[in-house]
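Those sequence lines, one after another, are chains G and X.
Quick note: the first sequence, position 116, residue 163 per the working numbering, numbers continuous.
Quick note: the second sequence, position 149, residue 137 per the working numbering, numbers continuous.
Have a look at the structure below before the remarks.
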Amino acid sequence: FLTSEFDLPEYSVRRRYQDFDWLRNKLEESQPTHLIPPLPEKFVVKGVVDRFSEEFVETRRKALDKFLKRITDHPVLSFNEHFNVFLTAKDLNAYKKQGMALLSKMGESVKYVTGGYKLRSRPLEFAAIGEYLDTFSLKLGTIDRIAQRIIKEQLEYLVELREYGPIYSTWSGLEVELSEPLEGVSACIGNCCTALEELSEDMTDDFLPVLREYILYSESMKNVLKKRDQVQAEYEAKLEAVALKKEDRPKVPTDVEKCQDRVECFNADLKADMERWQNNKRQDFRQLLMGMADKNIQYYEKCLTAWESIIPLLQDKPETK
Amino acid sequence: FYLTNVRTVLFFRAVESQNEGQCSPVDSLWRRYSEFELLRNYLLVTFPHIVVPPLPEKRADFVWHKLSADNMDPDFVERRRIGLENFLLRVASHPVLCQDKIFYSFLTQEGGWKEMVNETGFQLKADSRLKALNATFRVKNPDKRFTELKHYSDELQSVISHLLRVRARVADRLYGVYKVHGNYGRVFSEWSAIEKEMGDGLQSAGHHMDVYAASIDDILEEEEHYADQLKEYLFYAEALRAVCRKHELMQYDLEMAAQDLTSKKQQCEELATGTVRTFSLKGMTSKLFGQETPEQREAKIKVLEEQIQEGEEQLKSKNLEGRDFVKSAWADIERFKEQKNHDLKEALISYAVMQISMCKKGIQVWTNAKECFSKM
């Protein structure tokens, strides 16, 4: 269970991951022209990730928190009825069941489902977005692999360091005058080990999840682009059908008009969302990468402090007894 | 394979002022590694009470994967040259060793040096390995300080080899960590191509990642000098053991001589008094086959008395030799201990300084990258 508490003091609800999953699906259905933020991955490989570890739970919590925040910040999604219920309803399950019943009556989910129409060509600006998303998710994937590799190499380095430091300690036991300096070096290396461990943990817990989130985001956005294509294809097909009828007064029937509206709405919503997304993405990555740089700086600062502090110890001349 | 040693010339000039040597100065000398080995072996035999400075390794040892295990590798050759130079400086700054004529000729005399060394016949004076091993096992009363010193040098050798082995592995891993960061440089550059506002920041940050990845080469090259300093003392442990072995050999020799003397005295007594205190085959055979004539006995006693007198003189001189050896060896060992403590402290300080420099470089690079990211 993950608990969330929101601004409205009267509301304090408990939600499970599957509730978030339900919300996201509902948002996709009811707001198909908008970009819905991603959820952290649903399935995790058993044995590889400990689903009950503190780190995993905390990482998930942060991602879910971000998900809600992004919806809250969205001018349209934040007013979505399902979202409101999610935040306030005591018994969400009852609402879910009710929703299913209503669904079959109103056919809400079929609102934007169009038959297999094929789009001849994607308009330039959306084609550009599609290409951008392809390259973007590719590059993020590469960065994810590099980051994982670095963490792996760091952990292997750590293993060797953990053997290295104590040897100085052993040597210290053999010596008299050199005993303190050698012990000092051993302790110093130990401190560096701790700092390195912290760096690797931070990268695993804070850096990698955000990368993955954006990869998922790109995937869902590509799907929205496809839906837009579908809507446009339907409009164009219907328009063509009318043009082929060769009537005296070629008036555009209402359902074709409706299609045209849909296309224009979709395009407008998508363009606005893309702009918002680009801006948020820039801020998110600025923060993420600065954070990564910061963590590395902190690691080196910790090591620097450790080594600087033993210099006086090493230079110390023992009192001749 | 020949080595030039330019520094030799400078040193020679300093020594020349101390000695009244009439040798015409040589500009540079050619010396092979094997000649250095010959010199060291000569010093070991001629000055067994001195902790003789070690030579650098002949073959590359304790390598980490990037560093070539190839003996012809220019970096290895250069480090070995420095090691040989260091050896000469050690010998030259030793109060006893620097006076040696063979050492002096090593530095000054181009031709015929090898013949000169062999003419000293030092190889004949060398103790056989087998003899030394035997003495180590059988000696009864060695000076405790030497026994302790032997244990110390065994442990020192063990701990420094372990340290060097693991250090090489640490270097290998650290190399990997830095180099993988180079991949960020490439991908940031590719990513910046599709970005508008973020592009410049990403591109320049990528450049810093490349700088970071490249920096490890110099860092690890410098660390090799630290490893070389440790290696010198790893090899010094063997030199310490050699002095201890010599003491054990001399002590054993002394004990054997004393034992021999005692047994001769006893034999003499038995012959003189006619009593057989201990079982001896001779005693038995003489009982079985008849006693000797008094004249024969007298002759034997005389021989023994002569031998006993010789033996006592020898024992006296051996005792003196032994005590002198212990005294002078221990003096050099104390000198060595001080040198070791000083040198290893300096080595540790320089190592810490290297680490500090590495940390500062890391902070610099990541701070630069952070600034680029902030402009995204």
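Ideal Cβ positions, reconstructed from N, Cα and C, are used throughout, including at glycine.
All values derive from a computational prediction rather than experimental measurement.
Exercise for the section: Decide if D120 (chain G) is buried, meaning its Cβ has at least 16 other Cβ atoms within 10 Å, or exposed. Expected result: exposed
Exercise for the section: Flag this pair as yes or no: are the beta carbons of G170 (chain X) and S180 (chain X) separated by less than 8 Å? Expected result: no
Problem - Inter-residue spacing [alpha-carbon to alpha-carbon] between Y163 (chain X) and Y172 (chain X) - result: 16 Å
Handout entry: Contact residues within the segment 313 to 344 of chain G, judged by C-beta distance below 7 Å to chain X
Key = R329, F332, R333, L336, M337, A340, D341, N343 and I344
Handout entry: Below-8 Å beta-carbon distance, Q10 (chain X) vs any chain G residue
Key = The pLDDT assigned to Q10 (chain X) is 43, lower than 50, so where the model puts this residue is not dependable, and the model offers no usable value.
Exercise for the section: Measure the C-alpha to C-alpha separation of R69 (chain X) and V291 (chain X) and round it to an integer number of angstroms. Expected result: 60 Å
Practice task
Starting from the beta carbon of N329 (chain X), find every residue of chain G whose beta carbon is closer than 9 Å, and list them in chain order.
Solution key: E222, V223, E224 and L225
Problem - Between the CA atoms of K342 (chain G) and E230 (chain G) - distance to the nearest angstrom - result: 28 Å
Practice task
Output yes if chain X places a C-beta closer than 8 Å to the C-beta of P84 (chain G); else output no.
Solution key: no
Problem - At least three beta-carbon pairs within less than 8 Å, the segment 96 to 110 of chain G to the segment 277 to 295 of chain G - result: no
Practice task
Could you check the C-alpha separation between K128 (chain X) and Y166 (chain X) for me, to the nearest Å?
Solution key: 57 Å
Problem - C-alpha gap between R333 (chain G) and L351 (chain G), whole angstroms - result: 27 Å
Practice task
Consider the Cβ of A357 (chain X): report whether some Cβ of chain G lies at a distance smaller than 8 Å.
Solution key: yes
Practice task
Check whether the segment 197 to 211 of chain G touches the segment 152 to 159 of chain X, counting contact only when three or more Cβ pairs, one atom from each stretch, lie closer than 8 Å.
Solution key: yes
Practice task
Check whether the Cβ of V158 (chain X) lies closer than 8 Å to any Cβ atom in chain G.
Solution key: yes
Problem - Secondary structure of G99 (chain X), DSSP reduced to three states - result: coil
Problem - Start-to-end residues for the alpha helix (DSSP H) that takes in M321 (chain G) - result: T301 to Q362
Exercise for the section: Would you identify the three-state DSSP class for W218 (chain G), choosing helix, strand or coil? Expected result: helix
Problem - Contacts that E185 (chain X) makes with chain G (C-beta to C-beta distance below 7 Å) - result: R329
Practice task
Using the Cα positions of D112 (chain G) and P87 (chain G), report the straight-line distance between them to the nearest angstrom.
Solution key: 10 Å
Handout entry: Within-8 Å CB hit, G164 (chain X) to chain G
Key = yes
Practice task
Would you grab the beta carbon distance between K102 (chain X) and L43 (chain X) for me? Rounded to a whole angstrom, and I think it's under 8 Å.
Solution key: Wrong, their Cβ atoms sit about 17 Å apart, outside the cutoff.
Problem - Collapsed DSSP secondary structure at G9 (chain X) in the structure displayed - result: Any reading at G9 (chain X) must be qualified, since the residue scores a pLDDT of 42, below 50, and its modelled position is unreliable; no value is offered.
Exercise for the section: Taking L332 (chain X) as the query, report the chain G residues whose CB atoms sit under 7 Å from its CB, ordered along the chain. Expected result: L225
Handout entry: Backbone secondary structure at R107 (chain G) - three-state DSSP
Key = helix
Practice task
Check the Cβ-Cβ distances between L351 (chain G) and every residue of chain X, and say whether any is below 8 Å.
Solution key: yes
Practice task
Assign V123 (chain G) to buried or exposed, taking buried as 16 or more other Cβ atoms, counted over all protein chains shown, within 10 Å of its Cβ.
Solution key: exposed
Practice task
With a 10 Å radius around its C-beta and 16 neighbouring C-beta atoms as the bar for buried, classify S100 (chain G) as buried or exposed.
Solution key: exposed
Problem - contact_flag[the segment 215 to 224 of chain X, the segment 195 to 203 of chain X] where n(CB pairs < 8 Å) is 3 or more - result: no
Practice task
Check whether the Cβ atoms of L243 (chain G) and Y346 (chain G) sit closer than 8 Å, and answer yes or no.
Solution key: yes
Exercise for the section: Compare the beta carbon distance of A299 (chain X) and M238 (chain X) with 8 Å and say whether it is the shorter of the two. Expected result: Position check: residue 299 (chain X) holds Gly in this sequence, whereas Ala was assumed. No, the Cβ-Cβ distance between G299 (chain X) and M238 (chain X) is not below 8 Å.
Problem - chain G contact for F361 (chain X) (CB, 8 Å cutoff) - result: yes
Practice task
Could you list which residues in chain X have their beta carbon closer than 7 Å to that of T251 (chain G), in chain order?
Solution key: Result: empty, since nearest Cβ-Cβ is about 15 Å, beyond 7 Å.
Handout entry: Status (buried if at least 16 other CB within 10 Å, exposed otherwise) for Q201 (chain G)
Key = buried
Practice task
Identify whether N356 (chain X) lies in helix, strand or coil by the three-state DSSP scheme.
Solution key: helix
Exercise for the section: Compare the beta carbon distance of L180 (chain G) and M250 (chain G) with 8 Å and say whether it is the shorter of the two. Expected result: no
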